[in-house]
Amino acid sequence: MNPVLRTAAILFPVMALSASSVLAATVYTGETISGKKVISSLDLADLPTGKHSFYFEGVQMGTGQHWYVPVVVAKGAQSGKRVLLTAGIHGDEISSMESVRQVMAALDPAAMSGSVIAAYGVSRASIERVQREWPTVHSMFNLNRAFPGNVDGSNPTVRHAGLVWSKLFQPNTDVSIDFHTQMSGSAFADFIYADLSKPEVGTMVALYPIAQVKNDPGEPGTLETTFVSAGIPSATLELGGPRIYDKKIIPLFTEGTLNVLKHYKVIPGSIGRTSKDAKTFIADGFSHIRATEGGFLDMQVGLKDRVVAGQLVAIQRNAFGETVAEYKSSVSGEVAVIQLDAMIEPGGRVMTILYNGPDAPCPAGGCPEDEEE
Amino acid sequence: MNPALRMAVILFPMMALSASVASAATVYTGETIQDARVISQLDITDLEPGKMHRFMFRGAETATGQYWYVPVLVAKGAKPGKRILFVAGNHGDELNPIAAVQATFATLDPTKMSGTAIALIGPSRQGVENITRTWSINELGGAQINPNRTWPGREKGNTVERHSWLITNKLILGNVDVGIDHHTGGTGIDFARFVFAYANDPESLKLGGLFPVDQIMKDPGLPGTLEYSLVKAGIPAITTELGGSRGFVDDMVKLGVDGNANVLAYYGVLPGPVGKTAADMNAFVGDDLESVSAVTGGFVTLLVKVNDPVVKGQKIAVQRNGFGDVVHEYVSPADGVIAITGTDAATDRGTEIATVLVKRGNCVDGQCDYGGIVP
Chain H
73 MNPVLRTAAI LFPVMALSAS SVLAATVYTG ETISGKKVIS SLDLADLPTG
123 KHSFYFEGVQ MGTGQHWYVP VVVAKGAQSG KRVLLTAGIH GDEISSMESV
173 RQVMAALDPA AMSGSVIAAY GVSRASIERV QREWPTVHSM FNLNRAFPGN
223 VDGSNPTVRH AGLVWSKLFQ PNTDVSIDFH TQMSGSAFAD FIYADLSKPE
273 VGTMVALYPI AQVKNDPGEP GTLETTFVSA GIPSATLELG GPRIYDKKII
323 PLFTEGTLNV LKHYKVIPGS IGRTSKDAKT FIADGFSHIR ATEGGFLDMQ
373 VGLKDRVVAG QLVAIQRNAF GETVAEYKSS VSGEVAVIQL DAMIEPGGRV
423 MTILYNGPDA PCPAGGCPED EEE
Chain D
27 MNPALRMAVI LFPMMALSAS VASAATVYTG ETIQDARVIS QLDITDLEPG
77 KMHRFMFRGA ETATGQYWYV PVLVAKGAKP GKRILFVAGN HGDELNPIAA
127 VQATFATLDP TKMSGTAIAL IGPSRQGVEN ITRTWSINEL GGAQINPNRT
177 WPGREKGNTV ERHSWLITNK LILGNVDVGI DHHTGGTGID FARFVFAYAN
227 DPESLKLGGL FPVDQIMKDP GLPGTLEYSL VKAGIPAITT ELGGSRGFVD
277 DMVKLGVDGN ANVLAYYGVL PGPVGKTAAD MNAFVGDDLE SVSAVTGGFV
327 TLLVKVNDPV VKGQKIAVQR NGFGDVVHEY VSPADGVIAI TGTDAATDRG
377 TEIATVLVKR GNCVDGQCDY GGIVP
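Chains as they are written, first to last, in the working numbering: chain H, 73 to 445; chain D, 27 to 401.
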């Protein structure tokens, strides 16, 4: 779009708004790709009732073409809470995309009070490669450590985070739900990370009929923690393992998310199954069991199994079939994460036990870094 | 675009054409990206003469179902004439070609042209974005596809093969009389000022001679290259090598620009004399390549550089291990000139250390194995 036209596109909606919201306006670049209008900024207030699909103009690639993020908006007939659903902030977490799609498909804007925004495959460069991190020419970056980002930042990932945060997410969101899975090589249980010290987050998370919740203050740079720090409730959902559509786990999170929308009166209807029905195990400790050797793992427990302190959980053998390590849990709790690849490198995570106890971590100084989220 | 509208866009230009080319017509998808209209098929007869046109050509789909778009420039002359294709970025880490083709097109004045120049900038879309020779696809955990082994492409092949097929069938065939595929050495090697031209096509050899290079190889045609697929389609074509990878090097860019200008002048697309050519450079014309590959791992010290004449048995490189001990000495396998050298000192076993362009004079009966070398 030529600069004059682009300015006009910015100015026209601005003039229609009150002086108090001069900065917010949906900006159409004038481009249409595969039938979808391209926007570089979204203001939900500009949209009529109904479902709308856009490409959000993300950061540029090395040749100057742009990455475009698919965005779907369901704008209700009545005003109400604005809920943001994000999927694919890591590029190998595909069940997240399907659960968000199912939620959006269930919405009828005419019966809605409020809006739901879905952003699919936010980490554009990495979802094309089905990999966790955003590959640049010389490095890789974790988009879920880059929020709130910086449009003038020093790599494309932090700039992309800055664009989606400042032009799409932050101005249009009252409640955020960020859909993830475990990374390639491992699997999560049906699991949620949440900061339960925030009552509204606790209420939201209790609406999911899932196995496990970890209560923690979150990791800087994640979308969840960035929202929570901004006073907006958010949680990080973990829908099992990477790369696939997990047809057992996806419906649990679809149901829970519809519960959240009902709780906020965005959609009508009665609340379905919740954490009470699922007897969710809630704890605040993570015990990572790491491989001391390279070798092949023979798991003795599975996801969601209860383990007790001292229990043998995995045996490791070398290429000759000799046992090189036996791994035991140092805590009593539930298996939250398990390595899927039978081979593991030294230092790799064999499994993670979610637990509560007098020695649960997060003492003074906070929790040890949790790279899995 | 809705199907009816799309059909109308397809049908309208078709009706304007003669029955003999009923299948060809420029197809506008209706999209505009960064001010360039998107096309899924090109027919330059549809385009207004005497003008520079720019498009995004819609290539293969990405893994999520979005598309890769290739920037295309068409300088359509006021008068009819030869139609010349210039390709840069068939490999994604070869950047001098992009500067050379862009510089050529920046100076073209279509009102003064008789014929048409078409530029394809970075057809290896994913390779160019990553500055890599190969285009990675996700199949079976990841495969690295060399785009310049996929031509003319396969309609129902993988992403890269499909992309090549679309470019061949929806962009090149019917629009191109002559093809120039600009390359450089890949990451980790340096190439001489060099042209590959198909040995059995006099027109392609003539075309190669229009570039002021130091070396020309009469090649046997390497299946899968754009050059050979064009030649087999009856379109004279060459592969240039404009030095090394990744950067813009002024001398190498100028080589491309000067050669491009000669091609346009030679075919009468632009007025003006042909400038300096390979003959003026006293180019060494060979017909075989002999490569020297590392027989062990270690750090290589080269004793020759690109363009040096060498004789058989001449020591050209020394390799040392981590302790500094000499583990191997390499000699030239033949008389000739150095066409390619490795640039990474740390060298895996089997990696090319240097390649010599050789003049056999007679490549029948398997005398020339062409060194397995590759545009």
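Built from N, CA and C at the ideal position, the CB exists for glycine as well.
- Query: Which chain D residues sit within Cβ distance under 7 Å of Glu200(H)?
  - Reply: Position 128 of the first sequence holds residue 200(H). Within chain D, the residues near Glu200(H) are Thr88, Ala89, Thr90.
- What alpha helix (DSSP H) runs, 4 residues minimum, are completely inside the region 220-260 of chain D? 228-235, 252-258
- Should Ala48(D) go down as buried or exposed, given a rule of 16 or more other Cβ atoms within 10 Å for buried? Sequence index remark: in the second sequence, residue 48(D) carries index 22 (1-based). Residue placement at Ala48(D) is flagged as unreliable, the pLDDT there being 42, under the threshold of 50; a coordinate-derived value is accordingly withheld.
- Are there three or more Cβ pairs, one per stretch, closer than 8 Å when the region 366-373 of chain D is compared with the region 210-230 of chain D? yes
- Item | Ile387(H) beta carbon less than 8 Å from that of Glu394(H) | Indexing the first sequence from 1 puts residue 394(H) at position 322. Indexing the first sequence from 1 puts residue 387(H) at position 315. Taking 8 Å as the Cβ cut-off, Glu394(H) and Ile387(H) do not qualify as a contacting pair.
- Residue closest to Asp207(D), alpha-carbon to alpha-carbon, out of Ala309(D), Val384(D), Val257(D), Ala62(D): Here residue 207(D) refers to the residue found at position 181 of the second sequence. The candidate whose alpha carbon is nearest that of Asp207(D) is Val257(D).
- Query: Alpha carbon to alpha carbon, what distance is there between Thr297(H) and Pro289(H)?
  - Reply: Looking up residue 289(H) in the first sequence gives position 217. Looking up residue 297(H) in the first sequence gives position 225. Cα-Cα distance, rounded: 8 Å.
- Alpha carbon to alpha carbon, how far is Pro178(D) from Met82(D)? Give it in angstroms, no decimals. For the purposes of this step, residue 82(D) is taken as residue 56 along the second sequence, with counting starting at 1. For the purposes of this step, residue 178(D) is taken as residue 152 along the second sequence, with counting starting at 1. Taking the straight line from one Cα to the other gives about 20 Å.
- Message: By alpha-carbon positions, which one of Asp413(H), Arg173(H), His252(H) ends up nearest to Asp164(H)?
- Response: Locating residue 164(H) in the first sequence gives position 92, where the first residue counts as 1. The option with the nearest alpha carbon to Asp164(H) is His252(H).
- Item | Met371(H): first and last residue of the uninterrupted beta strand (DSSP E) it sits in | Indexing the first sequence from 1 puts residue 371(H) at position 299. Unbroken beta strand (DSSP E) run through Met371(H): 367-371.
- Message: Could you check whether the Cβ of Gly376(D) sits closer than 7 Å to any heavy atom belonging to the ligand SAM?
- Response: This structure lacks the ligand SAM; in fact it carries no ligand of any kind.
- Item | Residue-chain proximity (Asn164(D), chain H), Cβ-Cβ < 8 Å | Looking up residue 164(D) in the second sequence gives position 138. It does: the Cβ of Asn164(D) has a partner Cβ on chain H nearer than 8 Å.
- Query: For chain H, is any of its Cβ atoms less than 8 Å away from the one on Tyr95(D)?
  - Reply: As a position in the second sequence, residue 95(D) is number 69, starting the count at 1. Taking Cβ atoms only, chain H reaches closer than 8 Å to Tyr95(D), which makes this a yes.
- Message: Beta-carbon within less than 6 Å of Gln152(D)'s beta-carbon, same chain only, minus the 5 sequence neighbours each way: which residues are those?
- Response: Against the second sequence, residue 152(D) aligns to sequence position 126. Excluding positions up to five away in sequence, the list reads Trp161.
- Message: Taking 8 Å as the threshold (beta carbon to beta carbon), is Val154(D) in contact with chain H?
- Response: Numbered from 1 along the second sequence, position 128 holds the residue referred to as residue 154(D). Yes, because at least one Cβ of chain H sits closer than 8 Å to the Cβ of Val154(D).
- Own chain partners of Leu324(H) with C-beta closer than 6 Å, once the 5 adjacent residues on each side are dropped: Position 252 of the first sequence, counted from the first residue, corresponds to residue 324(H). Excluding positions up to five away in sequence, the list reads Asp262, Pro281, Ile282.
- For the region 57-86 of chain D, enumerate the residues whose C-beta is nearer than 9 Å to any C-beta of chain H, in chain order. Taken in chain order, the members of the region 57-86 of chain D whose beta-carbon sits within less than 9 Å of a beta-carbon on chain H are Glu57, Thr58, Ile59, Gln60, Asp61, Val64, Met82.
- Task: Give the residues of chain H in contact with Ile171(D), contact being defined as C-beta atoms less than 8 Å apart.
- Result: Position 145 of the second sequence, counted from the first residue, corresponds to residue 171(D). Within chain H, no residue comes near Ile171(D); the closest Cβ sits about 14 Å away, beyond 8 Å.
- Item | Helix, strand or coil at Asp72(D) [DSSP, three-state] | To locate residue 72(D), count along the second sequence from 1; it is residue 46. Asp72(D) falls in the helix class under three-state DSSP.
- Among the residues of its own chain, which have a CB less than 8 Å from the CB of Ser44(D), if the five just before and after it don't count? Residue 44(D) sits at position 18 when you count from the first residue of the second sequence. Confidence is the limiting factor: at Ser44(D) the pLDDT is only 39, short of 50, which leaves the residue's position unreliable, though a coordinate-based value still follows. There are no such residues.
- Item | Contacts of Gly270(D) in chain H (Cβ-Cβ under 8 Å) | To locate residue 270(D), count along the second sequence from 1; it is residue 244. Within chain H, no residue comes near Gly270(D); the closest Cβ sits about 17 Å away, beyond 8 Å.
- Any Cβ of chain A within less than 8 Å of the Cβ of Gln137(H)? Annotation note: the requested chain A is absent from the structure, which comprises protein chains H and D.
- Task: Closer than 9 Å, Cβ to Cβ, to anything on chain D: give me those residues from the region 104-115 of chain H, in chain order.
- Result: Cβ contacts with chain D: Thr104, Ile105, Ser106, Gly107, Val110.
- Between Val321(D) and His354(D), is the Cβ-Cβ spacing less than 8 Å? By 1-based counting over the second sequence, the position of residue 321(D) is 295. By 1-based counting over the second sequence, the position of residue 354(D) is 328. In this structure, His354(D) lies closer than 8 Å to Val321(D) by Cβ.
- Query: Exposed or buried, which one is Gly324(D) when buried takes at least 16 other CB atoms within 10 Å?
  - Reply: Looking up residue 324(D) in the second sequence gives position 298. Its Cβ being crowded by 16 or more others within 10 Å, Gly324(D) is buried.
- Message: Contact criterion: CB-CB distance below 8 Å. Does Val141(H) meet it with respect to chain D?
- Response: Here residue 141(H) corresponds to residue number 69 of the first sequence, with the count starting at 1. It does not: the Cβ of Val141(H) has no partner Cβ on chain D nearer than 8 Å.
- Message: For the region 260-289 of chain H, list every residue whose C-beta sits within 8 Å of some C-beta in chain D, in sequence order.
- Response: none
- Message: Starting from Lys280(D), trace the alpha helix (DSSP H) in both directions and tell me its first and last residue.
- Response: Here residue 280(D) refers to the residue found at position 254 when the second sequence is read from its first residue. Counting along the chain, the alpha helix (DSSP H) containing Lys280(D) begins and ends at 276-292.
- Item | First and last residue of the uninterrupted alpha helix (DSSP H) at Ser358(D) | On the second sequence, position 332 is the one that residue 358(D) refers to. No alpha helix (DSSP H) holds Ser358(D); DSSP gives it neither H nor E.
- Message: At the 8 Å Cβ level, is Ile157(D) part of the contact set with chain H, yes or no?
- Response: Taking the second sequence and counting its residues from 1, the one referred to as residue 157(D) is at position 131. Judged by the 8 Å Cβ criterion, Ile157(D) is in contact with chain H.
- Message: Using a Cβ-Cβ cutoff of 7 Å, what residues of the region 124-154 of chain D are near chain H? List them in chain order.
- Response: Gly148, Val154
- Item | CB contact below 8 Å: Leu209(H) versus chain D | The residue you call residue 209(H) lines up with position 137 of the first sequence. According to the sequence as given, residue 209(H) is Val; it is not Leu. Yes, because at least one Cβ of chain D sits closer than 8 Å to the Cβ of Val209(H).
- Could you list which residues in chain D have their beta carbon closer than 7 Å to that of Met184(H), in chain order? Numbered from 1 along the first sequence, position 112 holds the residue referred to as residue 184(H). Those within 7 Å of Met184(H) in chain D number zero; the least Cβ separation is about 27 Å.
- Task: Evaluate Pro149(D) with the Cβ neighbour count: other Cβ atoms within 10 Å of its Cβ, from every protein chain shown; 16 or more gives buried, anything less gives exposed.
- Result: Locating residue 149(D) in the second sequence gives position 123, where the first residue counts as 1. By the Cβ-count criterion, Pro149(D) is buried, with 16 or more other Cβ atoms from all chains shown falling within 10 Å of its own Cβ.
- Item | Three-pair Cβ contact test at 8 Å for the region 365-374 of chain H versus the region 406-414 of chain H | yes
- Take the Cβ of Pro271(H) as the centre, count every other Cβ of all protein chains shown within 10 Å, and call the residue buried at 16 or more, exposed below. Locating residue 271(H) in the first sequence gives position 199, counting from the first residue. It is exposed - the Cβ of Pro271(H) has fewer than 16 other Cβ atoms within 10 Å.
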